[in-house]
Structures are given as C-alpha cells and as structure tokens.
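In what follows, a single structure is set out as structure tokens and then discussed.
Protein chains in written order, with my numbering: chain A, 65 to 356; chain B, 38 to 638.
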C-alpha cells in the first residue's frame, strides 16, 4: 500500500489515476465538470433573453417572428434531445459522452427551456394546442426539478431506514415473524385467530399509491389485530408481542416504500408527459404551418 | 436444561414426518458436522455454525461459532438473544429453527426445511411504485394518442374532406373544420371576431399562408398605399433576420413584407388594429427620395422636425377644369369666380353685422358657422349654398304674389333666372294710362300687350342683372359666353383643400376659426385662407416630442391614413373607418364645376 502511494505521488501512477476516477465517480451529476452544463445553460438563456430584448420583433414578439422561429427551433431541438436520455441510459457504451455528462446536460438544458420556451411564446397564453405544449413542457420541467431534489435528499433517508437490511431481508424477517405468529396463535380463540389470519393474509404491498406516498395505512390488519388482542393469557401476550414485532417490521418496510414512492412518483408524470409533450409539439408545429 | 428438538420433514408425497428428541444439555451446537447436536446436511451451513446456550435468566444466547453469521428473525447477525417466551427463528441455509417455549417450560426447537423461494425476485418488485401505478408506457401512449387524434388528425382530416365554401364576410357561416379552434393562437381582432368559428374562411388551403386575395375578397374598397412596385422600391432593406425569414417564407408561398398580413397581424386578442407609429411611416418616408428617385413626395419623418409645407389644392384660373396644388412657399391666388370679402362680413361693427342683427334668423353679427357647416366626418365643410347662407341679406325677391307672400328669382341657372325675370314684366300691374282705347286695337299700356307682346323688358332686365352693377354681380364675376351672350364666371371651389391629410375641426373647437384662418383680415375672395405648417406646429410636434399643456405629440396617423383612399383612423371612431372613395378632384372638375357644366347644357 505504502509503495503504491509512493509510486502514485508523481500523479501518473495507476493508483492516482484510479483515485481520480473514483473521485470523479463520486462527483454528483449536478456538479459534473465544475457545473459545466449549468454555465452553458445560463449562457444560452442570457443570449436568448438579450436577443429578445434587443431585437425589434415586428409586429410584436411571439413565435411568428424570425427570432420566435429561432427560439422555437432551439426549443424543439432541445426537447427532442432531452427526451433521448431515456434511450441513452439504456445504451451502456463507452465514449466521451458519459451518462453523467448527459444527465448533467439534461438537467441544466432542461431548466433553460423555461426561459427559451417562455420567450418563444412572447407571453401570449391561451386555450390552444400551442399553450398546451408550453404547459406540458413546464409540467415536465417541474417534475424534473422535483426529481432532482428528491434524488439529492431522499437516498440518505432511504439508506438510514434500511438499517443494514436488504429489501429481501425485510421480507424474510416479516416471513419469520409470520411463521412464529402462525404457531404462537394456535391456542387462541376463534375471534382472535381470525384477527391473526387477517394480519397474516394482508399483502404487505397493498394499500395503493396514495397509502404509499403518505405512509398512512388506515386499513392495516396488523394494527387492528394488535388492538383486538388484549387478553392476559400467555398465548395472547406472546401473539401480541409478535404482532408488535410485525408492526415494527411493517413500519420499516412501509417507510421504505414511502421514500421509494416519493423517489419514483415524479417519473410517472415526467415520462408520460414528455411523450405527450412531443405529441403536442408535433400538433403545434404542424398546425401552425397548416393554418399559416 | 432440556431442549426438545423437533425435526419436520416431508415425504415425496408431501406427508409430514415429525421426529422429536429431547437433549438434556446446557447448550447446543448447530452445524454441518455430524457431531453437532443439530446436524444440518446443507453446504451453506458451516461445520460448526451456531451455538445456542441457555442463560440464567431463561433466555437463549445464540452465537456464531465461525466468521459466518446467521439470520435471527430475518436479520443477519453473528450473535443474538432469543426469549423463548416470545420465540425466535434462526435461519441457517435452507433450514429454519423456530425456538419456542413448551408448556412444560422446556425450550423447543422446530427444524423445518424451506423450499427455495422462486418468487423472491417478484416479491421484491412490490417495492417499486410501478406495482401500484399504471405503466408509464401505457400512460404515454394514451396521452400522446389523445393529443394527436383530437388536436391534429381530426382537424386535418375534416379540413381535407370538407367542401370548400366561399368566404363569408358576415361571419354567419360556421366553419366545418372540427377542433381547429384549438389551433388558434389567440382571439381575433374585434373586426374579425365574427369569423372566430370559421378558420378556413381565411386559412383557405393547407400549408398556405393567408393570401391578399382572400382579404381583398371582402375588403374591396381598401386602396393600396401606392402601386406594389413603387412600395417595394421605396422600402428600406430588411434586417438580416427578417430578410432570411421572408426569403424562406416567400419560397413557401408567403406574400412578402408588403402582403396584408405582414402588418395586419391577427390572433393578437380582441382589440382594434391600432394605427402604426411614426417609425412605421418614417422607415420609408424618411429619405424616400434616395430610393424612389422620381417621387413627387417630399421626405418626412417627424411632424415637428421633418414635414413638408402644406400644398393646398385650389383653382388657379377662372373656370379651370382642374384644381392645382400650391407650390411650396408660394402665396396662392384663388380664382373661384366669386366676389367675397370675408372682412366685410366678419366685421362686427360693419354694415353686414348691422343687417344680421336686424334679421331674426341671425339676431347678432355674422359668425363663421352661419355660412360654414361642418360635414359629419368633422373634417371638411358642406358646400355653401346661396339660398341658405347668402340670401338672407342678398335678397332675390322680385315681387309680391297675388295670394300673399313674395316671388323670387331662382338662383343657380341662367335659364331659370331668365324665366323669373321675364315674369316680373309679365305679371298683372296697375294701369298707367286711362282705360280707354280704340276699339279693335290693344293699347300699348294694356295687360294684353304685356302678356302676349315681345318680352323686351325681360331682356333688358336679365341683361341688367348680369352686367356690372346688376344683382348677380354683387357676388359673381360677369363674363360673356362663347356664343357672345352675357354670362357669369362659373364658381370653382375644391371640396377639400388638403386632400392627403385629415384635420378634425371638431377636435379643435376650443380654438377660434380665425386663429388659423385669417378670414377677418381677408379683403378678397382670391385669398386662400389655408393655414401653413408653422401654425400647426405651435401645438403639434412629432411623436417623440414631450407632452405638455400646449404641445401635443403627434404621430403621422393623427392626420394621415395608410390605405388610400380611406377615412381617418380614430381610436373611438365608428366602424368601419374605411369609407368609399371621395370624388377625386384629379379625375375631373370639382363638384361645383361639374354641376355648372351640366346646367349649361
């Protein structure tokens, strides 16, 4: 080890290279190459805004002036390219265009579309296919912003919630508790046994999207079984203790589900709306020239 | 301490085989080795894997004997504690050791083999949100399909399949293209609002810009600013961006920067098309002579700083067929054919004023409005009619009528005048001489002679009226007709003096007429009383001038219209502001001259 460090002191050794690679691997895509794409996006926006203010657009600024067409073309190109991230990330290939660089550009150029798209509209908004495309674009960007925020903030809490257990282990633990519950509940009377059956039979992943996102499960059979079994006999105490363990295990799983749902939910808006946006853009561009 | 070790196996048929044995030891070892207390023939299990030892408090301490841990209640640990009263489960390889307390106080360990969970991967999928939401792909197809169908395919299909109808200017015909209102980029202007449901009345063909031809099919009266070739020549060159846009646009069938829609931009909201600003006009008219070298128009760019002197239209010679425009800086001498000293009529203490005071129809000295009445367009004045404006004083009464009242000479036509003058001599009169006469011969003084004799007196009368000192020459100039008869000079006055601009008299009613028109000092009808540029500039300066109590910033559209002929653009004016072309003086004589010629014939 010491010799490796020594050999790497010059900066050309394999260790140094590896360290650099490892360092760069741990730089967030937001900070990629010293915020390169942030600066590019800011420059693009600055140029677009300066052009909007300085160029005399007759009869009034909107998508129909030459500057409006220019902004529209840039915007359309960006949107199509940004939507190709989904294709790019499925192609594992080497090259200068790393996925991280691509993602970084995706985020910052996507944000720059707020300025480019708005200037393209010339602040003319209405109930039409053109504004539909604009609003869809803004929604896609808004969900994207949400996505970036949760990707930065939530993985830490997801990790903390796991407490060094994998998802499979959480399910195994629940299975272990369930098997014990099954045998422990043998001495119970009918009513209590039914409560245990209901608790065991309930799908851990049930409850729907809303329950996942809020972490609130009002119909939780384990909780109602805990309430229902209040007897003092040893068997009942044992079942109650096991149900308490089950509830805790469920809480961990459900907290994991909640964080994961918050991490993933934006994609269920971002992706379909992106495709809808591309359709609306097609309608926008074709209709504008159809009724020129 | 006694452990009840219960092994549960399954036969090939699925039947459970339960084997119980009791081990009386303080601790148990579990592992693959045959000498272990609990022997698990599983390669995933260490030779000596776990030790289960009873603690004094009744709990069991479970400790891994090697480096490999074990799962206690699902969690991988290397040591742990089980309270037999609540129980616990140790997982080692495929074996599950359930620890519980029997009724007799002994600890039971139930060993069961679990079948490898084939569906574990599937179970893990439940952690993904996708398990409870519709698939992204399905949603994408749904949204995109709905948008493409409703907002693109339906309008395009119904547009292609329709039977094209003629444009309907009334806007009562509803459009037949479905869903194309979603394509509208904004509300139509107020004037075109009735067309809102009929997009194809303007957007006639697919992928073709709105054509001038379509606009003109309704706006038939709208004139061009100038012939298209001259407009193009007079225009300054376009900016680089505009030039590229028009080059592309024109190659795709758009009608260049001089097409209707390049200025009349639609879908900008329910507003009236506003008048263009000063820059719009000065773009071409400033330095127009450098591009349109043969133009008669002087350069103009700002009313205060660069505007040519007015050139009013007037008749420069008696009986001229056409009025001419005054050359800049000249003092025009108008040959209207009338005698009319404005100063005499406007002098508040003169004879005209005294006469007006004595007449009930005036009751006070004459005012401009007594003769000059504004036309409804508030720009020019109605023709001054002798009967209405002059006759109150300049009476043409010729005698009394038998039934009461007065007879008078008709004005305007010499034939009428001749008839009326003839009647003066022919009317019944008092006898001059005695009534006696010789039988069979009409007396020279008799009514018969007057009634049926040659009308000598009438000739003398009309000749007197038309010659100097006669009733007609009070106002008219005497002349002789080509046939040698006595005649009057035809009256020639243009309907408008400043024909290329609009002056709203109503807007200037706080001013006295004489502030601009020096009528009170004019001693002859040959004075052309049109104000000059300087007098306008005391209040009106260009659009860039600062607005003060006195200075009114004035852009070109305040006085000029783009489309010729057209009315004045007014922010609150009645609709439509276009009106049929006024009679063009350039085409022939003025209205008065025309009337006179017809009368002569």
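Glycine residues also receive a C-beta, built at the ideal position from the N, C-alpha and C atoms.
Keep in mind it's a predicted model, so treat the numbers as computed, not measured.
**Spatial distance of residue 264(A) from residue 286(A) (CA atoms)** = 8 Å
**Request:** Excluding the 5 residues preceding and the 5 following residue 134(B) in the sequence, name in chain order all residues of the same chain whose CB lies nearer than 6 Å to its CB.
**Result:** 127, 146, 148
**Request:** Report the residue from 239(A), 216(A), 174(A), 220(A) whose alpha carbon sits nearest the alpha carbon of residue 306(A).
**Result:** 239(A)
**Item:** Nonlocal neighbours in the same chain, by C-beta distance under 6 Å from residue 237(B), ignoring five residues either side
**Value:** 212, 214
**Item:** Three-state class that DSSP yields for residue 456(B) in the structure shown
**Value:** helix
**Prompt:** Under the DSSP definition of a beta bridge, which residues are partnered with residue 20(B)?
**Reply:** Outside the displayed span of chain B (38 to 638) sits residue 20(B), for which this structure offers no information.
**Asked** How would you list, in chain order, the residues of chain A whose beta-carbon sits under 8 Å from the beta-carbon of residue 137(B)?
**Response** 244, 247, 248
**Request:** Flag this pair as touching only if the stretch 421-429 of chain B and the stretch 397-411 of chain B have three or more C-beta atom pairs under 8 Å; answer yes or no.
**Result:** yes
**Message:** Let me check one thing: in DSSP terms, what residues is residue 47(B) bridge-paired to?
**Reply:** 53(B)
**Message:** My parser needs the alpha helix (DSSP H) runs of 4 or more residues fully inside the stretch 224-305 of chain B; what are they?
**Reply:** 249-253, 265-271, 277-288, 297-300
**Asked** Given that residue 188(A) touches chain B, what residues does it touch there, using C-beta distances under 9 Å?
**Response** 222, 223, 304, 305, 306
**Where the alpha helix (DSSP H) through residue 123(B) begins and ends** = Looking at the DSSP string, residue 123(B) is not in any alpha helix (DSSP H), and its letter there is neither H nor E.
**Request:** Whole angstroms is fine: what's the gap from residue 55(B)'s alpha carbon to residue 123(B)'s?
**Result:** 23 Å
**Prompt:** Can we say the stretch 189-204 of chain B touches the stretch 171-180 of chain B, given the rule of at least three CB pairs closer than 8 Å?
**Reply:** no
**Item:** Nearest neighbour of residue 145(A), chosen from 194(A), 96(A), 303(A), 169(A) [CA to CA]
**Value:** 169(A)
**Request:** Helix, strand or coil for residue 180(B), going by three-state DSSP, please let me know.
**Result:** helix
**Message:** Pop quiz: residue 349(B) and residue 565(B) are said to be a contact at Cβ under 8 Å. What is the actual Cβ separation, rounded to whole angstroms?
**Reply:** 6 Å
**Prompt:** According to DSSP, which residues form a beta bridge with residue 76(B)?
**Reply:** 68(B)
**Inter-residue CB distance, residue 559(B) and residue 372(B) (contact presumed, cutoff 8 Å)** = So it is not a contact: roughly 15 Å between Cβ atoms.
**Asked** Listing by chain order, which chain B residues have their CB less than 7 Å from the CB of residue 192(A)?
**Response** 219, 220, 221, 222
**Message:** Using a Cβ-Cβ distance cut-off of 8 Å, determine whether residue 229(A) contacts chain B.
**Reply:** yes
**Request:** Verify whether the separation of the beta carbon atoms of residue 570(B) and residue 344(B) is less than 8 Å.
**Result:** yes
**Asked** Under a CB-based cut-off of 8 Å, is residue 53(B) close to chain A?
**Response** no
**Asked** the stretch 177-190 of chain B: which residues have C-beta closer than 7 Å to a C-beta of chain A, in chain order?
**Response** 177, 180, 181, 184, 185, 188, 189
**Asked** For the stretch 331-344 of chain B, which residues have a CB atom closer than 8 Å to at least one CB atom of chain A, in sequence order?
**Response** none
**Prompt:** Is the Cβ of residue 282(A) closer than 8 Å to any Cβ of chain B?
**Reply:** no
**Request:** For residue 336(A), count neighbouring C-beta atoms within 10 Å of its own C-beta (all shown protein chains included) and say buried if the count is 16 or more, exposed if not.
**Result:** buried
**Message:** So the candidates are 109(B), 129(B), 50(B), 39(B); which of them puts its Cα closest to the Cα of residue 78(B)?
**Reply:** 129(B)
**Request:** Check whether the stretch 518-536 of chain B touches the stretch 366-382 of chain B, counting contact only when three or more Cβ pairs, one atom from each stretch, lie closer than 8 Å.
**Result:** yes
**Message:** Is there a Cβ of chain B sitting closer than 8 Å to that of residue 217(A), yes or no?
**Reply:** no
**Request:** Would you mind working out which of 169(B), 294(B), 513(B) sits nearest residue 266(B), comparing C-alpha positions?
**Result:** 294(B)
**Asked** Any idea if residue 322(B) is buried or exposed, counting beta-carbon neighbours within 10 angstroms, 16 or more meaning buried?
**Response** buried
**Message:** Between the stretch 570-585 of chain B and the stretch 329-342 of chain B, can you find at least three pairs of beta-carbon atoms closer than 8 Å?
**Reply:** yes
**Message:** Strictly by DSSP, which residues pair up with residue 148(B)?
**Reply:** 44(B), 134(B)
**Request:** With 7 Å as the limit, tell me which residues of the stretch 299-316 of chain A have their beta carbon closer than that to any beta carbon of chain B; keep them in chain order.
**Result:** 302, 305, 306
**Prompt:** For the putative contact between residue 252(B) and residue 297(B), defined by C-beta atoms under 8 Å, what is the C-beta separation to the nearest angstrom?
**Reply:** 4 Å
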